[in-house]
Every structure is written in structure tokens, then in C-alpha cells.
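Written out below as C-alpha cells is the structure these notes cover.
There are 2 protein chains.
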Amino acid sequence: MGSVSNLGANLAALRDHNAAVVLGLLRDAGEGGASRAELAARSGLTPQAVSKITARLRADGFAAEAGRRLSTGGKPATALRLVPGAGRAVGVHVERDAVTAAVVDLAGAVVATRAVALSSGATAETLVGVVAEEVRALVEGGGVLGVGVAAPGPLDHVGGVLRDVTGFPHWSGFPLRDALAERLGLPVVLDKDTNAAALGLLRSAPREPGSFAYLHLGTGLGAGLVLGGEVHRGARTGAGEFGHQVLRLDGPPCPCGRRGCLEVLCLRAVADGDTALAARLLGVGAANLVQLLDIDRVLLGGRTALADPDPYVRGVRAELPASVPVAVAPGGERVVVEGAAELVLAPLFGAGRAGRVLAPAAP
Amino acid sequence: MGSVSNLGANLAALRDHNAAVVLGLLRDAGEGGASRAELAARSGLTPQAVSKITARLRADGFAAEAGRRLSTGGKPATALRLVPGAGRAVGVHVERDAVTAAVVDLAGAVVATRAVALSSGATAETLVGVVAEEVRALVEGGGVLGVGVAAPGPLDHVGGVLRDVTGFPHWSGFPLRDALAERLGLPVVLDKDTNAAALGLLRSAPREPGSFAYLHLGTGLGAGLVLGGEVHRGARTGAGEFGHQVLRLDGPPCPCGRRGCLEVLCLRAVADGDTALAARLLGVGAANLVQLLDIDRVLLGGRTALADPDPYVRGVRAELPASVPVAVAPGGERVVVEGAAELVLAPLFGAGRAGRVLAPAAP
DNA sequence: GCGCTTACGCAACAGCGTTGCCAAAGTGGT
DNA sequence: ACCACTTTGGCAACGCTGTTGCGTAAGCGC
Chain A
5 MGSVSNLGAN
15 LAALRDHNAA
25 VVLGLLRDAG
35 EGGASRAELA
45 ARSGLTPQAV
55 SKITARLRAD
65 GFAAEAGRRL
75 STGGKPATAL
85 RLVPGAGRAV
95 GVHVERDAVT
105 AAVVDLAGAV
115 VATRAVALSS
125 GATAETLVGV
135 VAEEVRALVE
145 GGGVLGVGVA
155 APGPLDHVGG
165 VLRDVTGFPH
175 WSGFPLRDAL
185 AERLGLPVVL
195 DKDTNAAALG
205 LLRSAPREPG
215 SFAYLHLGTG
225 LGAGLVLGGE
235 VHRGARTGAG
245 EFGHQVLRLD
255 GPPCPCGRRG
265 CLEVLCLRAV
275 ADGDTALAAR
285 LLGVGAANLV
295 QLLDIDRVLL
305 GGRTALADPD
315 PYVRGVRAEL
325 PASVPVAVAP
335 GGERVVVEGA
345 AELVLAPLFG
355 AGRAGRVLAP
365 AAP
Chain B
5 MGSVSNLGAN
15 LAALRDHNAA
25 VVLGLLRDAG
35 EGGASRAELA
45 ARSGLTPQAV
55 SKITARLRAD
65 GFAAEAGRRL
75 STGGKPATAL
85 RLVPGAGRAV
95 GVHVERDAVT
105 AAVVDLAGAV
115 VATRAVALSS
125 GATAETLVGV
135 VAEEVRALVE
145 GGGVLGVGVA
155 APGPLDHVGG
165 VLRDVTGFPH
175 WSGFPLRDAL
185 AERLGLPVVL
195 DKDTNAAALG
205 LLRSAPREPG
215 SFAYLHLGTG
225 LGAGLVLGGE
235 VHRGARTGAG
245 EFGHQVLRLD
255 GPPCPCGRRG
265 CLEVLCLRAV
275 ADGDTALAAR
285 LLGVGAANLV
295 QLLDIDRVLL
305 GGRTALADPD
315 PYVRGVRAEL
325 PASVPVAVAP
335 GGERVVVEGA
345 AELVLAPLFG
355 AGRAGRVLAP
365 AAP
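Order-wise, the sequence lines are chains A and B. Start counting the first sequence at 5; every next residue gets the next number (the working numbering). Start counting the second sequence at 5; every next residue gets the next number (the working numbering).
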């Protein structure tokens, strides 16, 4: 079977799982909160189980009562809500020329932001220093659960190692996650910028169907894929190489070694100012992807697409079935930083762990 | 978060999960079986928990002791193995011109097979009758857990409904699963033929990495995708439309409404006898897919590919990174029937349910 | 024969969600 | 005002889970 779900589960895992499920429902419920009975209905747990679980969450400070609802014919429900301040996470967006960081509370609201430019020839050590400095400035309040770092791909999410980032060959192989974790004394998660964006978008629209593609058109062309409510990374975090699909056999050569890649064609059209062609190409690639994976909707982002979004939305929409909505990713560039923070928060809420819902027994 | 994993879990779910995990490990262990200590190490469960779980499995007839291992310095281990005869499943492969069925035991071994031709204008009711007849002839021994049906797409796996199967427009919308289930009095699962094949291949090589693509080149061109050890179907079982990716902008029109689809180009090359071109086209499509999803390996199947496999394997391999192995899917056409049976068996062994490892409490 | 290691079961246990029951607090009919 | 009813939610006892501590079986090496 799979390499992952061969794992047994114990009572502690059961408890943690249910706590995360309830916490996730509380977060999705937002400001209004949710009553114990609602939580029971949505989770499939018994009302009594929910009472016990929420009692633990309240004792730990993660949840609190928040007034009464109107009666629906019986005793009025007591609303419970997430206590946003019970924990924080830092998201860091590493770009080729800048580092942006933000602290986010449990509800996903941005508490503070920082940004700093990155000199063009920065070494990996310099990068660690800059990021550590930004994070330190943000975590002074304490209560920070961890740091999520979104960086340009390719990279290794599992190992936390950078690969051959275009323009920064000397970063290749650098264990950014562990270096940062040691320097900061905090847990660190590393992922591709497009994956972080997809995670952020997943968070901001939890009620939407389970799969979408975030297409990022900036200096390159990549994608973040959410399949079945989970970010799909692939074994080596290599998924999302959306730009390197061949759309024109024997087309112009691409640095990746093949010919007629979407990225080459599309970026050339952008350079030529032919936005309509670029949009059409993007649409054809999106249609390939949507057909292949049966994806529910498409979101566009990236500096180039955001600078003049309408023709891209129209062009992509024209190539897709009418059943697949196309829109600009809300939040602009901000989704990457927030998604990076979400890399830390998601496990608390029972997301991002479908394959390992139940961890093995502690050693 | 996802639409699926908002579900809480109770002790019954915990027990079932662990039982399935252990049963899956026993099946993967094959003839030789596995000791309780090995099961404990692989599952992460306590040895004592494994003892209890295997005691239940033995009491239910699913597992049995199978001799002693050699000592490794202490008390020799007692091997446990799956009892293959404890349950059976029927797999049915519906093609446009034939129906094949097979009974399979818990270990996946084929116990009996049947095949019958299907007249070209068969109605959906005729199909139900033919399939029911084949299944009835096979289940006489009893102990059958369910029936898995693999049919040409598109179809709806969740609803168990056929869609517009090429050449059989009158099948569209027919609820094959429920019709069969009622007629047979057995649980029925319906899935696309390519997905069944992928599931069968996943079963036959459980130790391999977690993702692969099964590319099926026959009268059409489709794919079965296994991502992270799970078959990826998409929300509407529409995933795997591998043949309708555009490889040549403004190429020849395709019945799907677009132009330059891989399927059109590839089938035309096949019709022209230009196997090398067909193979190269298949390879380019495969490379697009491998890059997009970070897939570990590629398996080829389908009548056309199997008739003359070498050029296809070579052609596809030439377009892929060297790190991605390409091979002919072992078992030929047989994988579809066996995979269909696996649709029934997989849930017993803890596979195919990563998103719903823990079911909600019983109503 | 002795010490050591490994495999595994028995018994007591802590902790999980469940069940049965009851109190609280509204609505709506009379 | 009163009563019947509905809905919310807690308390206590319970059944069942995997865990822990310890004892026993059964091999190896010296």
C-alpha cells in the first residue's frame, strides 16, 4: 500500500485528531462562533464528546464562550469561538530581491508585517541572517508556534532544503529550514511559494469545493495544486511545474531542455506585449491541467497577471469549460506570506494531514 | 478546510483503522507472513496492541499462525499470515464489446474467471443482465464481500452512474451501480477502467514509491493516476483525461471541441503506422504530466501499446527524465479485472481512505 | 548450566467517546 | 399564569481502546 497510511493509531492520536477537527470547525465558524450542538452535527461526534473536547480546549485557552444564540424552540445555544490570541505563527516570503514577513494569529488575521530588500548576490548565510532578523523582530511578543517559509522552487519540502533557484545557484542544497530552526529556536517549515499561496487560498475559502489550481505568472510560470482539500506537492516537492508542459511540439527551446514549453511561449508573448496570446496560452495550459485532474476552479496570481488581470481572466476562461470558474486570487501578493504562516497553523486544525491523520504512538 | 476531513472519530473507528492497517501489513507480507513484533514495528503500534488486534483478526478468521521463524537471538517469532479464503471479491471489466469477470481472494489471487461477448447495440438493461449473470455464476461459493465494476469513462464514481460512453449514448445517466446492487444483493463499486487498472497496479507493487501514472493506449487514450498512494479521481471522477491535453496549438480538431489534443495526434500516428511518432507524442504528454505532478514512474497499457510495447517504452522513456522509470504494466489486460475486485478489497486493508480514515460515529 | 536476548501474553490501568439521565432555559398553546 | 414541549448541555457510570508492568517461553553464545 501507500508508504504513509500503514500507521496505527492510539488514543492520544484519537484525542488530538478530534481536538484538531473541532478547532478547525471553530476557525471556519469565524467571529460568530458555533454552538456545541452545531460542532457535534458537523463533526459527526456525539454532543457529549464535543462538550468534553471543548472543555479541554477552553481549559487550554484555545476556545472561549461567546454569548448566547437566539432560541430555536428550546434552551438557547451557547456560542463557542476560537481565541485568536492563543497562538501565533510567522510567515516569511523569500523572493529573489526581497524578504517579507508577517505574524498571524490563530484566526489568520495579520498582526504585524515587515519587509526588507535582498541584495542581488546574497549568499545563503546572508539570507538566513536577514530572515532571522525579520522573524526576531516579529516574535518578541512570544507565543509563536513556528515559522513558515515560502521560497521560489525547486526545493525539498520534506528535507527543508533549497534547490537550484534560478539566479541563485549558490543557494542550491542549502538546508534553510534547519539553519533557521537552529538560529531561531523555533519549528520551521519550508515550502514553495506557489504551494504556500495555494494553502493560503484554501484557508481563505474553506467552504469552496475541494480542488483548485493557483496559477502564478510572474518572472516564471508555476502552479500550486490543491487536490481533495490538500496541497499536492509530489514526493520531491516537484509538483506544480505548470510552465514546463509542451504546448508546441518543436517550438522554441526552453532552459529545461525541452521545446515549446508553455513558459517559454507565454513569457515571450508577455515580452512582446501580446497579452491576448499570453492569456490564451495560459488558458490552454490551464485547460490541460483541469481536464487531467478534474479541477474545480482556477485562480490567477503573480506580478504579471496581477498588473493587468482582466485579459488573463477572460483569456483563461475562454479555454476552460463553463463549469470551471476563473478568478484573480484574492489578496494579491499577500497570499504567499499568509499561506506561509498557514504552513505552521494548518496542522493545528486538522488540515494538511489526511495521510497521517493519526500519528504513530510516541516512542 | 477540506470537505472531507472535518470528521471526528470514535473508538470503533480507531479499532477498525488499526485492524485495517494490520491486515494490510499482513497482506503485503505475503506468503511468508509477519511476526507480531514486525507488525508492531511497521505500524507504530505497541506490541501488546498488535497482539490484541491479531487475536481479534484470528478469532474472525482473517489471520492465522503460520509456523515459526528462525531465532535472531531470542525466542523465535511466530509468523502470522492472512487467510486468503476468509473473503472474496468479484471484479468486472465492462468493455464496449465484452464483459470479463473474476473472483479474487483476499490475497488478490484469481480464483475463477468468466468472459462473455457483448452485442454492439446492447442497452443498459442488457448490460446489467449480462453482468449479473456473470457475477452470479462466480459467487456461488458464497463469502463474497462485493462487486467492483470497471467501465469506460466518463462516469461518476461517487454516484455510480455511467456517463456518455463513446458509442453507447443510451447508457448515459444509467445508475449501473445501484441497478446491479439491487439485482445481486451485494455491495457494488463502480469506477473507470483506468482507475481500476491503477488500483490493481498499486496493489501488485505495494513497496514502490507512492505515485505513478498508468497510461492506457487502446481505442482511446486515458490515464489512471496514483498520487501519494491513493487513486486520484477528482470530484466528478473526471481526472485522467490524459488524451485531451493540447500538444499542438491549432492542430487538428478533436471531438472534445479543442484542437491538437494528444489523443487525436497519437491515434492518427497509430493509424498511419508511425509507431515512433505515436510513442514520442505519448512521451511528451507523459513528460507534461510527470512534471506537473512530480510522479515517480510511468506504466503503459492498453491494447495498442501492449501489441508492440518496445517502441512505446523507448519512446516515452526518451522524453522523460532518467529518474522516472517507464515500463509496461505487468499483467496486461488482466490488471483491470483484478483492479476492479480491488475496489472492493482496498477498504478492508486501510487503503483508499486516507481522507476518511476515521468514519463518523454510527447514527 | 548460565546469562542474555527476543517474543509474547496476562492483568491492571488510564483515557477515550458513549449512554442514560437530569437540569436549564427558552417557545407556544391554553 | 401555567403547562407541555423542545433544545441545549452537563454529570456519572460504562464499555472499550491501547498502554504499562511484569512474568513466561524459547532460542543463542559462552
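Just so it is clear, CB atoms sit at the ideal spot from N, CA and C, and this is done for glycine as well.
* Report the rounded CA-to-CA distance for residue 143(A) versus residue 214(A), giving the unit in angstroms. => 33 Å
* Among all the DSSP beta bridges, which residues are the ones paired with residue 381(A)? -> One cannot answer for residue 381(A) here, as it falls past the ends of chain A, which runs 5 to 367.
* Closer than 7 Å, CB to CB, is residue 97(B) near chain A or not? -> no
* Asked: Looking at the structure shown, is residue 122(A) part of a helix, part of a strand, or coil, going by DSSP?
  -> coil
* What does a CB cutoff of less than 7 Å around residue 89(B) pick up in its chain, not counting 5 residues either side in sequence? -> 109
* **Between the CA atoms of residue 91(A) and residue 147(A) - distance to the nearest angstrom** => 6 Å
* Given a threshold of 16 other Cβ atoms within 10 Å of its Cβ, counted over all protein chains shown, does residue 74(B) qualify as buried or as exposed? -> exposed
* **Neighbourhood of residue 280(A) by C-beta distance below 7 Å, restricted to the same chain and skipping five residues each side** => 315 and 319
* Anything in the region 241–257 of chain A with a Cβ closer than 8 Å to a Cβ of chain B? List those residues in chain order, please. => 241, 242, 243, 244, 245, 246, 248, 249, 250, 251, 252 and 253
* With residue 21(A) as the anchor, note down where its beta strand (DSSP E) starts and where it stops. => Residue 21(A) -> not in any beta strand (DSSP E); alpha helix (DSSP H) instead, spanning 15–33.
* **chain B residues whose Cβ lies nearer than 7 Å to that of residue 3(A)** => Residue 3(A) is absent from the structure shown; chain A starts at 5 and stops at 367.
* Asked: Taking the C-alpha atoms as reference points, what is the distance between residue 226(B) and residue 19(A)?
  -> 42 Å
* Please compile the residues from chain A whose C-beta is within a distance smaller than 9 Å of the C-beta of residue 298(B). => 236, 237, 238, 239, 240, 241, 242, 243, 244 and 245
* As assigned by DSSP and simplified to three states, the class of residue 174(B) -> helix
* Nearest CA to the CA of residue 348(B): which residue from 111(B), 70(B) and 76(B)? -> 111(B)
* Going by DSSP, which residues form a beta bridge with residue 74(B)? -> For residue 74(B), which the question treats as bridged, DSSP gives no partner whatsoever.
* To do: Please state whether DSSP places residue 252(B) in a helix, a strand or coil.
  => strand
* Are residue 39(B) and residue 81(B) closer than 7 Å when you measure CB to CB? -> yes
* To do: Could you list the residues in the region 109–121 of chain B with a C-beta less than 9 Å from some C-beta on chain A, going in chain order?
  => none
* Between which two residues does the alpha helix (DSSP H) carrying residue 308(A) extend? -> 307–311
* To do: Starting from residue 108(A), trace the beta strand (DSSP E) both ways and give me its first and last residue.
  => 102–109
* Three-way DSSP call (helix, strand, coil) for residue 296(A) in this model -> helix
* Test: residue 49(A) CB closer than 7 Å to a CB of chain B -> yes
* Asked: Using a beta-carbon distance below 7 Å, is residue 161(A) in contact with chain B?
  -> no
* Asked: Would you report the Cα separation of residue 339(A) and residue 167(B), rounded to the nearest angstrom?
  -> 38 Å
* **Interface partners of residue 171(B) on chain A, CB under 7 Å** => Simply none; closest approach about 21 Å.
* To do: Could you list which residues in chain A have their beta carbon closer than 7 Å to that of residue 199(B), in chain order?
  => Within chain A, no residue comes near residue 199(B); the closest Cβ sits about 11 Å away, beyond 7 Å.
* Asked: Can you find at least 3 beta carbon pairs, one from the region 56–66 of chain A and one from the region 111–121 of chain A, that sit closer than 8 Å?
  -> no
* With respect to the beta strand (DSSP E) encompassing residue 228(A), which residues constitute its N-terminal and C-terminal limits? -> 225–231
* CB contact below 7 Å: residue 52(A) versus chain B -> no
* Asked: Distance, Cα to Cα, residue 364(B) vs residue 17(B)?
  -> Note that residue 364(B) scores a pLDDT of 32, beneath 50, so its modelled location is shaky and nothing firm can be said.
* To do: Express the C-alpha separation of residue 95(A) and residue 145(A) in angstroms, rounding to a whole number.
  => 15 Å
* Asked: Going along the chain, which residues of the region 210–223 of chain A sit with their C-beta nearer than 7 Å to a C-beta in chain B?
  -> 210, 213, 214 and 215
* To do: Anything in chain A within Cβ reach of residue 413(B), meaning under 7 Å, just list it in chain order.
  => Here chain B has residues from 5 to 367 only, and residue 413(B) is not among them.
* Asked: In chain order, what residues of the same chain lie with their CB nearer than 7 Å to the CB of residue 186(A), ignoring the 5 residues before and after it?
  -> none
* Asked: Taking only beta-carbon atoms, is residue 25(B) less than 7 Å away from chain A?
  -> yes
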